[in-house]
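Reading through the structure tokens given below for one structure.
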Amino acid sequence: MRIDINKWDEIWMRVIHLAPLPSLSNVILDLSNNYFISISFDRFANLNSLVTLNLAFNNIQGPIPSSLRNMTSLRFLDLSYNYFTSPIPDWLYHITSLEHLDLGSLNTESNNFHGIVPNDIGNLTSITYLDLSYNALEVEIFRSLGNLCSFQLLNFLSSLSIDRNSFSGHIPISLGGISSLRYLRIRENFFEGIISEKHLANLTSLEKLDASSNLLTLQVSSNWTPPFQLRALDLGSCLLGPQFPAWLQTQKHLEYLNMSYAGISGVIPAWFWTRFLRTVDLSHNQIIGSIPSLHSSYIYLGSNNFTDPLPPIPSDVAQLDLSNNLFRGSLSPMLCRRTKKVNLLEYLDISGNLLSGELPNCWMYWRELMMLKLGNNNLTGHIPSSMGSLIWLGSLHLRNNHLSGNFPLPLKNCSSLMVLDLSKNEFTGTIPAWMGNFNGKFIEIFPGDGEITYTPGLTVLVLHSNKFTGSIPLELCHLDSLQILDLGNNNLSGTIPRCFGNFSSMTKQSNSSSPFRFHNEDFIYAGSIDTAILVMKGVEYEYDNTLGLLAGMDLSSNKLSGEIPEELTDLHGLIC
């Protein structure tokens, strides 16, 4: 019998009382995707025939209901994405029929199970799926699991996720004895030591491995051939270098690869550039040489020592990060190659290089762009007219170049802008009144099809260190989403508008984080968040994850006169 009460989109309930159920067998109870705060199971505490219980994606608080201990036939239990805060009860590990146990989440705002993982976890000998991720569990978990592996009692375990806890210690070689393991995620813990060939020797079924953000070192021979064929590998922040791992050439089905912060140096072998990986992240290494071609959809090669020439961008690339390298010359060869296909590029970061010359006038080929970062280069000239075709552009960073001319008129058409940073350039003239039009609005995605989306409006406006003159336009007061306004170090005159006290986003505490975030829809999280640099008392501070929590205003080093409006005191939490 299946009882399915999920996805009650229109109903909010505090407590659900289920009536006594008749004598049934193989009962499946699905209460997921609701808004339950608590659930009473007393009326069917003796329902021994319950085999599946799904309470995921609710708001249930407190400890796990003790009445669950009587459900000795449970094979599937999902308590993920709730607000449980107690230790995991020992009796849970004595429901030996469990095959699927999910107590995890994907963020720190959900479950917060804490305490020690006991040896009793070894009773779950039928388990195939175990997820304890994003909690506050501790102790050397493999001290318990390791003994089980030695006795080959985990023959059925295919998925183990214990990421984002406080587990520590070394990875036991016996973990490699679980030949049934397909998915292993241990990221963001405090594991340390060596992972050798012996750790991986018998993992013949392994498809996805995520050991990132630990203190681990992978030590294998140069001619090692793994016993598995991976689809996803994340070893970010693990030590792999200095040589590029040659064994990756044996992985014929690899689609996701993260080896950022891995201590890799030297030149990437030629065979790697001919492979198609949906996502590749080799950022924050010491890799040298050029990039002959790009064959991935999501490419993160920032913070290395790559040199010319800039590679052409294939039409199917969605995100490309080449920031903080040693690229020189013009952007035109990279961007102005016309193709018959629609370019899908949404995110482009080439900041922090040695690029020079004028911005190319071929932005009409890149209409899907949503975030563009070209700051910290040596670019010159005016903003080209074709940049006005970027109607989906939500974030534009041009800081610290040598761009000039009046306030860029083409940006008037970029009605989706949320973050605009033109600081440390040579722009002149007045700040136009039309800047006040960048407030929240609904936009039709494809004219005529009725599908619309909402853009919240300009959140960050940074014009610091230019040569703007004239008065501050009153129209800026229409920017009700504005959280950061930096007009410092210009030649602005006149008074501070009193209506600046009406910036509603500066008067309340925000619960959001970054105002602009991209997610790579891949096997393992990869994402790009927006940044902003604020100048406070002459010191630059860069914010990324907490950008959406800030409210700041800088009008210093101008020629403003008159009194400071009393209304500014209503902007609570303002950083000035």
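For the sequence shown, the positions run 5 to 580 when this note's numbering is used.
We put the CB at the ideal spot given by N, CA and C, even for glycine.
For clarity, every value in this text was computed on a predicted model and none was experimentally measured.
Considering only residues of the same chain and omitting the five flanking positions on each side of residue 117, which have a CB-CB separation below 8 Å?
Excluding positions up to five away in sequence, the list reads 88, 89, 90, 91, 92, 107, 136, 139, 140, 141.
At the level of alpha carbons, what is the spacing between residue 375 and residue 323?
9 Å
Whose CA, out of 559, 505, 557, 129, lies closest to the CA of residue 569?
505
Using the C-alpha atoms, what's the distance from residue 385 back to residue 432?
12 Å
Taking the CB atoms as reference points, tell me whether residue 490 and residue 466 lie closer together than 8 Å.
yes
Could you say which of 472, 320, 289, 164 lies nearest to residue 373 if we only look at CA atoms?
320
Could you check if residue 155 is buried or exposed, using at least 16 other CB atoms within 10 Å of its CB as the buried criterion?
Legend: pLDDT at residue 155 = 39, less than 50; position of this residue unreliable, no value from coordinates given.
Round the Cβ separation of residue 283 and residue 260 to the nearest angstrom and send it over; I've been treating them as touching at under 8 Å.
The Cβ separation is near 5 Å, so the contact holds.
Below 8 Å on the Cβ atoms is my guess for residue 233 versus residue 256; work out the distance and round it to an integer in Å.
6 Å
According to DSSP, is residue 502 part of a helix, a strand, or is it coil?
helix
Answer with buried or exposed for residue 423, where buried requires no fewer than 16 other C-beta atoms within 10 angstroms of its C-beta.
buried
Kindly confirm or deny that the region 203-216 and the region 233-245 touch, where touching means at least three C-beta pairs closer than 8 Å.
yes
Check residue 73 in the structure and name its three-state DSSP category.
helix
Would you report the Cα separation of residue 355 and residue 380, rounded to the nearest angstrom?
6 Å
According to DSSP, is residue 118 part of a helix, a strand, or is it coil?
Three-state result, residue 118: strand.
So, for residue 73: in the same chain, excluding its five sequence neighbours on each side, which residues have a beta-carbon less than 6 Å away from its beta-carbon?
95
Quick check: the Cα distance between residue 271 and residue 63, rounded to an integer number of angstroms?
Near 50 Å, if we compare the C-alpha coordinates of residue 63 and residue 271.
Roughly how far, in whole angstroms, is the beta-carbon of residue 205 from the beta-carbon of residue 180, given that I think they are within contact range, below 8 Å?
5 Å
When the Cα atoms are used, what is the spatial distance from residue 293 to residue 100?
55 Å
Residue nearest to residue 476 in terms of C-alpha spacing, selected from 503, 463, 166:
503
CB contact flag (residue 105, residue 134, <8 Å):
yes
Residue 471 by DSSP, collapsed to three states: which one?
strand
Looking at the unbroken alpha helix (DSSP H) that takes in residue 401, where does it start and where does it end?
Premise fails: residue 401 lies in the beta strand (DSSP E), 399-401, not in any alpha helix (DSSP H).
Per-residue DSSP class, three states only, for residue 312:
Reduced to three states, the DSSP call for residue 312 is coil.
DSSP-derived helix/strand/coil call for residue 181
In this structure, residue 181 counts as helix in the three-state DSSP scheme.
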